[in-house]
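K.L.:
The structure is given below, and queries will be raised subsequently.
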Amino acid sequence: MAELSATAPDSARVRLARLSLDAALAVEGVLSGDVGSRGMHVTAGGTSVVRGVRVAAEPGGRYSVDLGLRARMVALPALADAVRERIARSAGLSGAGDQLGAIDVTFHDVEDAGAGFPASVGSGR
Amino acid sequence: MILARTLVRLTSFVLLVVLALLGLAVATITVDPSGVSGLLGLPRLSDAVGGWLDDLAADGPVAQAGSLAAGAAILLGLVLLIGLLAPRRERLVRLDRTDHGTLSARRRPLSHVATHLTEQARGVTGARTKVKPRRRGGGRLRVRADRPRAASTKEVEAAITSNLEPLTGPFKLKAAVHTRVGGRGSRVR
Chain A
1 MAELSATAPD SARVRLARLS LDAALAVEGV LSGDVGSRGM HVTAGGTSVV
51 RGVRVAAEPG GRYSVDLGLR ARMVALPALA DAVRERIARS AGLSGAGDQL
101 GAIDVTFHDV EDAGAGFPAS VGSGR
Chain B
1001 MILARTLVRL TSFVLLVVLA LLGLAVATIT VDPSGVSGLL GLPRLSDAVG
1051 GWLDDLAADG PVAQAGSLAA GAAILLGLVL LIGLLAPRRE RLVRLDRTDH
1101 GTLSARRRPL SHVATHLTEQ ARGVTGARTK VKPRRRGGGR LRVRADRPRA
1151 ASTKEVEAAI TSNLEPLTGP FKLKAAVHTR VGGRGSRVR
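Protein chains in written order, with the numbering used here: chain A, 1 to 125; chain B, 1001 to 1189.
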C-alpha cells in the first residue's frame, strides 16, 4: 500500500501547483517561492508537497492559484502581471488552461539587488 | 491583542508545570496512598488556612478582597479566551483585486521598498518607514526622513513624495512624509 501511494501520480491540483510555481520562478525578478509566516502557501497531495503556492478547487471545475513569492526590488504590480501571464501560457501549453482560475500573488519579501527602483521586469529567463 | 497572546503563552507554560506536578502527585498516591496525607501536610494546611476561609465566608475586608480577586480572575480568563480564540489577521496590504486575482504584499517588503526609494531622494540622509494596511485595500505609509540643516523641508518632502510615486500610486498607499534635521554627520546623498 505504501508503495502504491509512493508511486501514485500527482493529482491535477498538485500538477497545477507545480506548473504555476515553475512558471513563476521562470519570470525574471522572482527569486523563490515562500510559504509565508504561517506556512499557508503550500500545496500537499499524496506524497507531494509544493512550497510557495496554494492551489484550491473553485466552483466550476477550476482551481485558484495563490502564490507566495520573494522577489527582487522591482515594480511589483508589473511583476505580478508577468507572473500571471507566464502561468496562463504554461497552463495553456500543457493543456491545463481550462483548469486555471484566479491567480493571487502575495509578495512576502523583496531583496535589494543594488539596482534602482523600479527596475524593468522581464518576461522570462 | 499582543498582551493577550503573551498572557496565553505564559499561562500555558505555568499550566503545563502545574499539570506535571499533579501527575507526579497522582503517581505518588498510586504508589503509596497512606503516606500522601502526611507527605502533603494536609492536616497542617487545614489548620493554617481554616481561619482565613472562615473570614472569607463572612462579611468583611477579606471577603471584599476575595470578590475583587474573583473578578480579576474572570477578567483574566476572558483576556485569555480572546488571546486564544481571536483569529490572527495576517498583516497584508492588498494592492489590487481584479477578476484575474489579487495582488498583495506583506508590510515588510513594502516598507523596505519605501525606505529604498526615500533614501534615493535628493537631500535625504536617512529614512525610516512604516506601512499600515487598511481593511479595504491599500494602506498608509509613514515616512520619517533625516535631512541636513541647509536643505529645505518642502523641497526634500516633495522629492520624497515624488520618489515614492511608483509605490504609492499602484499600491494605493497614502504617504505621510515628515523630515527633520539629521544628527551630526548627516550629509546629502
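Beta carbons are placed, not taken as given, at the ideal position from N, Cα and C, and that holds for glycine. Note that the coordinates shown come from a computational prediction; the quantities given were computed from them, not determined experimentally.
#1: Mind checking which residues open and close the beta strand (DSSP E) that includes H1178 of chain B?
#2: If distances are taken between C-alpha atoms only, which option among B:L1075, B:R1180, B:V1008, B:H1178 comes closest to L1085 of chain B?
#3: What would DSSP say about A17 of chain A, mapped onto helix, strand or coil?
#4: Helix, strand or coil for R70 of chain A, going by three-state DSSP, please let me know.
#5: Among the candidates B:K1174, B:R1144, B:L1015, B:A1004, whose CA atom is the shortest distance from the CA of E1081 of chain B?
#6: What first and last residue would you give for the alpha helix (DSSP H) that runs through V1079 of chain B?
#7: Does DSSP classify G1101 of chain B as helix, strand or coil?
#8: Does P1166 of chain B come out as helix, strand or coil in the three-state DSSP assignment?
#9: Short of 8 angstroms Cβ to Cβ, which residues in the segment 75-90 of chain A face chain B?
#10: For T106 of chain A and chain B, any beta-carbon pair shorter than 9 angstroms?
#11: Could you give the residue range of the alpha helix (DSSP H) that holds T43 of chain A?
#12: Determine, using beta carbons only, whether A1151 of chain B and R1180 of chain B come nearer to each other than 9 angstroms.
#13: Please classify E85 of chain A: does DSSP put it in a helix, a strand, or coil?
#14: Relative to the C-alpha of S11 of chain A, which candidate in A:G39, A:T43, A:V27 has its C-alpha closest?
#15: Does any residue of chain A have a CB that is nearer than 9 angstroms to the CB of L1173 of chain B?
#16: Could you give the distance in angstroms between the alpha-carbon of Q1064 of chain B and the alpha-carbon of L1021 of chain B?
#17: In terms of alpha-carbon separation, which member of A:F107, A:A82, A:L93 lies closest to H1100 of chain B?
#18: Run down chain A in chain order and give the residues with a C-beta less than 7 angstroms from the C-beta of S1162 of chain B.
P.N.:
With the given structure in hand:
#1: Within the second sequence, numbered from 1, the residue matching residue 1178 of chain B stands at position 178. Counting along the chain, the beta strand (DSSP E) containing H1178 of chain B begins and ends at 1173-1181.
#2: Counted from its first residue, the second sequence places residue 1085 of chain B at position 85. The shortest C-alpha separation from L1085 of chain B is found at B:V1008.
#3: Numbered from its first residue, the first sequence carries residue 17 of chain A at position 17. Of the three classes helix, strand and coil, the one that applies to A17 of chain A here is helix, per DSSP.
#4: Numbered from 1 along the first sequence, position 70 holds the residue referred to as residue 70 of chain A. In the structure shown, R70 of chain A sits in a strand (DSSP, three-state: E or B).
#5: Position 81 of the second sequence holds residue 1081 of chain B. The amino acid occupying residue 1081 of chain B in the given sequence is Leu; Glu does not appear at that position. Here the closest residue by C-alpha is B:A1004.
#6: Indexing the second sequence from 1 puts residue 1079 of chain B at position 79. Looking at the DSSP string, the run of the alpha helix (DSSP H) that includes V1079 of chain B is 1061-1085.
#7: For the purposes of this step, residue 1101 of chain B is identified with residue 101 of the second sequence, where counting begins at 1. If DSSP states are grouped into helix, strand and coil, G1101 of chain B belongs with the strands.
#8: Indexing the second sequence from 1 puts residue 1166 of chain B at position 166. If DSSP states are grouped into helix, strand and coil, P1166 of chain B belongs with the helices.
#9: A75, L76, P77, A80, R84
#10: If you number the first sequence from 1, residue 106 of chain A lands on position 106. True, the Cβ-Cβ gap to chain B drops below 9 angstroms.
#11: Here residue 43 of chain A corresponds to residue number 43 of the first sequence, with the count starting at 1. Not the alpha helix (DSSP H): T43 of chain A falls in the beta strand (DSSP E), residues 42-45.
#12: Counted from its first residue, the second sequence places residue 1151 of chain B at position 151. Counted from its first residue, the second sequence places residue 1180 of chain B at position 180. Not a contact, by the Cβ cut-off of 9 angstroms.
#13: Here residue 85 of chain A refers to the residue found at position 85 of the first sequence. Of the three classes helix, strand and coil, the one that applies to E85 of chain A here is helix, per DSSP.
#14: On the first sequence, position 11 is the one that residue 11 of chain A refers to. It is A:T43 whose Cα lies nearest to the Cα of S11 of chain A.
#15: Here the question's residue 1173 of chain B lines up with position 173 in the second sequence. Taking Cβ atoms only, chain A never reaches closer than 9 angstroms to L1173 of chain B, which makes this a no.
#16: In the second sequence, counting from the first residue as 1, residue 1064 of chain B sits at position 64. In the second sequence, counting from the first residue as 1, residue 1021 of chain B sits at position 21. Between Q1064 of chain B and L1021 of chain B, the C-alpha separation is close to 31 angstroms.
#17: Position 100 of the second sequence holds residue 1100 of chain B. Of the listed residues, the one whose Cα sits closest to H1100 of chain B is A:A82.
#18: Against the second sequence, residue 1162 of chain B aligns to sequence position 162. In chain order: nothing, as chain A lies at least about 13 angstroms away.
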